[in-house]
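Asks: Residue numbers (the numbering used here): -17 to 229. Note that the Cβ used here is the ideal one computed from N, Cα and C, for glycine as well. Bear in mind the structure is a predicted one, so any value in this text is a computation, not a measurement.
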Amino acid sequence: MSIFPKKNFFLVFDSLLPSKHLIKFRKFVFFEPFMGNDIANRGRLSHYGSTERKEFVKALKKIRSETELLLEDVEAYHIYMAVKQTQKVPGDIAEVGVYKGGSAKIICAVKGEKSLHLFDTFEGLPKVDDIDMVWPFYEGKFAASFDSVKEYLKNDHNVFFYKGVFPDTSGPVQEKTFSMVNLDVDTYESTKKCLEFFYNRMSAGGILLSHDYITTPGVKKAFDDFFDGKSEPVLETAGSQCLVVKV
Ligand SMILES: C[S@@+](CC[C@H](N)C(=O)[O-])C[C@H]1O[C@@H](n2cnc3c(N)ncnc32)[C@H](O)[C@@H]1O
-17 MSIFPKKNFF LVFDSLLPSK HLIKFRKFVF FEPFMGNDIA NRGRLSHYGS
33 TERKEFVKAL KKIRSETELL LEDVEAYHIY MAVKQTQKVP GDIAEVGVYK
83 GGSAKIICAV KGEKSLHLFD TFEGLPKVDD IDMVWPFYEG KFAASFDSVK
133 EYLKNDHNVF FYKGVFPDTS GPVQEKTFSM VNLDVDTYES TKKCLEFFYN
183 RMSAGGILLS HDYITTPGVK KAFDDFFDGK SEPVLETAGS QCLVVKV
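(1) From Gly221 to Leu165, what does the alpha carbon distance come to, in whole angstroms?
(2) Can you say whether Phe230 is buried or exposed, counting buried as having 16 or more other CB atoms within 10 angstroms of its CB?
(3) Between the C-alpha atoms of His99 and Cys90, what's the straight-line distance to the nearest angstrom?
(4) Per the contact definition of three or more C-beta pairs closer than 8 angstroms, is the region 34 to 53 in contact with the region 113 to 122?
(5) Can you give me the Cβ contacts of Lys145 inside the same chain, cut-off strictly under 6 angstroms, excluding the 5 residues immediately before and after it?
(6) Which residue or residues does DSSP assign as beta-bridge partners of Leu107?
(7) Could you give the first and the last residue of the continuous alpha helix (DSSP H) run that contains Phe209?
(8) Beta carbon of Ala41: closer than 8 angstroms to some heavy atom of ligand 3?
(9) Would you call His29 buried or exposed, if buried means 16 or more other Cβ atoms sit within 10 Å of its Cβ?
(10) Which word fits Lys82, buried or exposed, when buried means at least 16 other C-beta atoms lie within 10 angstroms of its C-beta?
(11) Going straight from the alpha carbon of Tyr181 to that of Lys228, what length do you get?
(12) The beta strand (DSSP E) that contains Ala76, what's its start and end?
(13) Which residues mark the beginning and the end of the beta strand (DSSP E) in which Gly253 is found?
(14) For a test of your reading of the model: does the CB of Gly146 fall under 8 angstroms from any non-hydrogen atom of ligand 1? Yes or no.
(15) Are the CB atoms of Ser161 and Val71 nearer to each other than 9 angstroms?
(16) For Asp112, name the three-state secondary structure that DSSP assigns.
(17) Quick one: does the C-beta of Leu225 sit closer than 8 angstroms to a heavy atom of ligand 1?
(18) Less than 6 angstroms between C-beta atoms, sequence neighbours within five positions excluded: which residues of the same chain meet that for Gly106?
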């Protein structure tokens, strides 16, 4: 029998260096400088040892250094994995709510040769109703330069831009089907219009993700009303998103 059993070693170690301090120590001394996790400093992605997560963390760190991304780490990871895991599902990818192209770039990091259709006014939120006023939202908030976003994504293949208020700009994709759709439009009216357009065009197994499900009442109401009576459950995720898999 060992005079220094493992269990006792860890007990002594734990009492000398409680795990909450150890986590901080690991973060600042090891993981943060070398592996770049916890980039947003909130919505921290844990269990980052796998090759897949390391690749994601590397891509996310680069994207955060290049543009402003309005997502927590875990939210960005949900988008990344949804795109990756729907490679086998027939259809294109779409995003409504592009802003400066950060979330689109995450999609590009993992979409392969799939087509990505990007919709935004690039002049900010089109219309804000009373239900959306919980946040300091206003018409024109999140305006971004269309040319800069096109420039930012110019080396990514099969990426198509549609400038203007969705769904007025949806004409060219009326006949398409979709394997993954990322919504980040902040308001009730825009979310409702997006669901009405995309739901029937989603392939079975396709994933519909939306930001701000738990943070903005308009987005939540649009989802809850739309999926009331439909078979798909609306899954509230970590972070503020919701996720639906089309049946
Ligand atoms: C919060 S920003 C998107 C952030 C971006 N996805 C990111 O992660 O960095 C919301 C965007 O939705 C766009 N938007 C909202 N409603 C829209 C609509 N009906 N048609 C087109 N764009 C819309 C706004 O112009 C704005 O750029």
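Replies: From the atom records:
(1) Cα atoms of Gly221 and Leu165: separation of roughly 15 angstroms, rounded to the nearest angstrom.
(2) The question about residue 230 has no answer, for the chain in this structure spans -17 to 229.
(3) Rounded to whole angstroms, His99 to Cys90 spans 11 angstroms at the Cα level.
(4) Not touching, per the Cβ criterion.
(5) Excluding positions up to five away in sequence, the list reads Phe104, Phe128.
(6) Looking at the DSSP output, Leu107 shares a beta bridge with no other residue.
(7) Note, Phe209: alpha helix (DSSP H), 199 to 209.
(8) You won't find ligand 3 in this model; what it holds is ligand 1.
(9) Classified as exposed, His29 has fewer than 16 neighbouring CB atoms from the shown chains inside 10 Å of its CB.
(10) Here Lys82 is buried, its C-beta having at least 16 other C-beta atoms within 10 Å.
(11) Looking at the two C-alpha atoms, the distance is approximately 8 angstroms.
(12) Taken as a continuous stretch (DSSP letters only), the beta strand (DSSP E) holding Ala76 covers 74 to 78.
(13) A question about residue 253 goes unanswered here, because the residues of the chain that appear run from -17 up to 229.
(14) Correct: Gly146 has its Cβ closer than 8 angstroms to ligand 1.
(15) In this structure, Ser161 lies near Val71, with their beta-carbon atoms less than 9 angstroms apart.
(16) Three-state DSSP puts Asp112 in a helix.
(17) Outside the cutoff, so no.
(18) Gly122, Lys123, Phe124, Ala125.
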